[in-house]
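Q: Pasting in a structure now, in structure tokens, and then I'll have a few things to ask.
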Amino acid sequence: MEYGKKISAGRVYRLMKSMSLPKMSTAKPVSAYLRSSQEDCKNILGQKFNPQKPNLVWVSDITFVKVAGRFCYVCVIIDLFSRKVIAYKTSAKIDTPLVLDTFALAYAKRNAPKGVMFHSDRGCQYTSKEFRKTLDKADFVQSFSAKGHPYDNAVAESFFKYLKKEELNRRIFNSLQDLNLALFEYIEAFYNKQRPHSANGFLSPDEMEALSLNP
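Taking the numbering used here, the leading residue of the sequence shown gets 46, the next gets one more, and so forth.
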């Protein structure tokens with residue numbers, strides 16, 4: 046109803062038909078950018094979650110956390126061999142720069158490795174042209190979860206599950222600084238150094254990586 050007039054959808058259709066007016070589509074148009082960026086999103090990893098050494102496969106994901114009454118976002122990159130969180134970043138925006146910044150930190154910390162497989166979901170941050178160009182320049186191979194299959198990125202999903210259960214859901218954050226401090230304490234002081242992981246034979250991620258250097 047507009048301008049105080051009531052009219053049914055059926056009458057509108059009949060009037061438009063009598064005047065030979067074209068129908069207006071209610072379907073959302075498909076973006077050419079999205080189509081081109083998604084068409085080659087292959088799942089190369091295929092749920093092979095146990096590489097034989099570090100820097101063969103990195104997995105990444107983004108989650109949200111309530112901070113001062115609004116959502117903020119955490120991006121992590123995990124080395125699949127040891128389940129170590131090699132980089133994380135927070136942002137008030139869930140955008141491509143968040144992923145680019147996290148990748149830049151991981152890439153520097155791991156001394157610019159080559160030929161790494163980078164696996165994530167099909168979020169627009171990961172399918173963006175900017176991020177794909179960054180991976181190509183670094184000589185990385187990109188892999189994506191199949192559409193609607195979160196188990197394809199189960200390791201990253203599992204990390205966020207325990208991060209929230211063991212740390213974030215028990216806290217109230219008034220600023221990004223508070224969130225960053227909590228993440229540092231959990232990831233750097235506890236998870237990487239001390240938390241036993243079943244995939245590592247109940248060694249911590251740091252212990253697993255040390256073992257790979259001194260088998």
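Heads up, the beta-carbon is just placed ideally off N, CA and C, and yes, glycines get one too. Here the structure is a predicted model, which means the values were calculated and not measured.
Give me the residue from Phe176, Ala201 and Pro96 with the minimum Cα distance to Leu145.
A: Comparing Cα-Cα distances from Leu145 to each of Phe176, Ala201 and Pro96, the minimum goes to Phe176.
Q: Return the CA-CA distance between Val200 and Phe116, expressed in angstroms with no decimal places.
A: The alpha-carbon atoms of Val200 and Phe116 are separated by roughly 23 Å.
Q: Counting only runs of 4+ residues fully inside the segment 178-213, write out the alpha helix (DSSP H) ranges in chain order.
A: Runs found: 199-211.
Q: Between the C-alpha atoms of Arg155 and Ile131, what's the straight-line distance to the nearest angstrom?
A: Going by the C-alpha atoms only, they are around 8 Å apart.
Q: From the DSSP output, which residues share a beta bridge with Thr135?
A: Beta-bridge pairing links Thr135 to Val119.
Q: Ser165 by DSSP, collapsed to three states: which one?
A: The answer is strand: DSSP assigns Ser165 an E or B state.
Q: Classify Phe109 as buried or exposed, calling it buried when 16 or more other Cβ atoms lie within 10 Å of its own Cβ.
A: Counting Cβ neighbours within 10 Å, Phe109 comes out exposed, since fewer than 16 surround it.
Q: Within 10 Å of its beta-carbon, does Ala151 have 16 or more other beta-carbons around it, so buried, or fewer, so exposed?
A: When all chains shown are included, Ala151 counts as buried.
Q: Determine which residues share a DSSP beta bridge with Phe126 and list them.
A: Bridge partners of Phe126: none, in fact.
Q: Tell whether a beta-carbon distance below 8 Å holds between Ile107 and Ile139.
A: For Ile107 and Ile139, yes; Cβs fall inside 8 Å.
Q: If I'm right that Ser173 touches Phe189 with Cβ under 8 Å, what's the distance once you round it to whole angstroms?
A: About 13 Å separates the two Cβ atoms, so there is no contact after all.
Q: Using 10 angstroms around the beta-carbon of Glu230, count the other beta-carbons present and answer buried if the total reaches 16, otherwise exposed.
A: It is exposed - the Cβ of Glu230 has fewer than 16 other Cβ atoms within 10 Å.
Q: Per DSSP, which residues does Ile107 bridge with? Please list them.
A: Looking at the DSSP assignment, Ile107 forms a beta bridge with Cys120.
Q: Which same chain residues, not among the five before or five after Ser257, have their C-beta less than 8 Å away from its C-beta?
A: Once the five neighbours on either side are set aside, the close Cβ partners of Ser257 are Lys98, Pro99, Phe126 and Ser127.
Q: Give every residue of the same chain whose Cβ lies closer than 6 Å to the Cβ of Met253, excluding the five residues on either side of it in the sequence, and list them in chain order.
A: Closer than 6 Å at the Cβ level, and outside the excluded window around Met253, lie Ser127 and Asn245.
Q: Closer than 8 Å, CB to CB, is Asn214 near chain C or not?
A: No chain C is present in this structure, which holds just one protein chain.
Q: Can you give the beta carbon distance from Phe163 to Ser105, rounded, assuming they're within the 8 Å contact cut?
A: That pair is a contact at about 7 Å.
Q: To the nearest angstrom, report how far apart Cys86 and Thr147 are at their CA atoms.
A: Cα-Cα distance, rounded: 21 Å.
Q: Along the chain, where does the alpha helix (DSSP H) that runs through Gln222 open and close?
A: Per DSSP, Gln222 belongs to the alpha helix (DSSP H) from Leu221 to Leu228.
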